[in-house]
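J.:
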Amino acid sequence: MPPPCPPTFCPPPPLCPPPPPPPPPPMCPPPSPCGGGCGGGYAPAPIMPYQPPVPAFNDCCCQCGSPCRYRTMRARTHGAKIFSALSLELEEDPTCNSMKLRDIIEENITKDPTISKRAIQKAAEERLGSKINVICAKSDFSYVAYTETYCQASSGEVTCYAFKPQ
833 MPPPCPPTFC PPPPLCPPPP PPPPPPMCPP PSPCGGGCGG GYAPAPIMPY
883 QPPVPAFNDC CCQCGSPCRY RTMRARTHGA KIFSALSLEL EEDPTCNSMK
933 LRDIIEENIT KDPTISKRAI QKAAEERLGS KINVICAKSD FSYVAYTETY
983 CQASSGEVTC YAFKPQ
């Protein structure tokens, strides 16, 4: 019998190389100082440019079959700041939003559009204390007016539209 073989030893496996170093952090500009001077503080709020409000308008016609429209954009309050809410459409009667003007029209409208418009304008300016434009007709008429105070009313064949110009 031959002599037993000496036990074989396997050499240890080679060591794995170390992982590569992590990439360097991205280069950022140095932060700007806040508040300046003593005490630091928060950065000032950005200044928003002034945007004048979009004027309200009334788009309507008399006896034409198309629906009247009234659209206005009003400022809305968000926290302590006021922003223009351009998407805000207020639900108002598209033919009349002033009961005072409606009463004046109904009290002064006659069968004659010329007499009616003058009487309505005179009464409205006296009672409301401001300039009022008036349109009266026996037939169809169409208009678009930049206004926030308006009213269209009819009596018989005559329709009148009165509004306060902006």
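First residue of the sequence shown: 833, per the numbering used here; consecutive thereafter. For glycine and all other residues, C-beta sits at the position ideal for the given N, C-alpha and C.
#1: What would DSSP say about Q953, mapped onto helix, strand or coil?
#2: Identify, in the order they occur along the chain, each residue of the same chain with its Cβ nearer than 6 Å to the Cβ of P854, setting aside the five sequence neighbours on each side.
#3: Would a C-beta distance cut-off of 7 Å place I952 and A994 closer than the cut-off?
#4: Going by the beta-carbon positions, is the gap between I964 and K932 smaller than 7 Å?
#5: Hey, quick one: how far does the alpha helix (DSSP H) through I936 stretch, first residue to last?
#6: DSSP three-state label for I967, please.
#7: Do you know offhand how far S962's Cα is from S986's?
T.: Per the coordinate set shown:
#1: Q953: helix per DSSP, three-state reduction.
#2: Within the same chain, no Cβ atom closer than 6 Å to the Cβ of P854 is found once the five residues on either side in sequence are excluded.
#3: Taking 7 Å as the Cβ cut-off, I952 and A994 qualify as a contacting pair.
#4: Not a contact, by the Cβ cut-off of 7 Å.
#5: Here the alpha helix (DSSP H) through I936 covers 931-940.
#6: Note: I967 maps to strand in three-state DSSP.
#7: Going from the Cα of S962 to the Cα of S986 covers about 23 Å.
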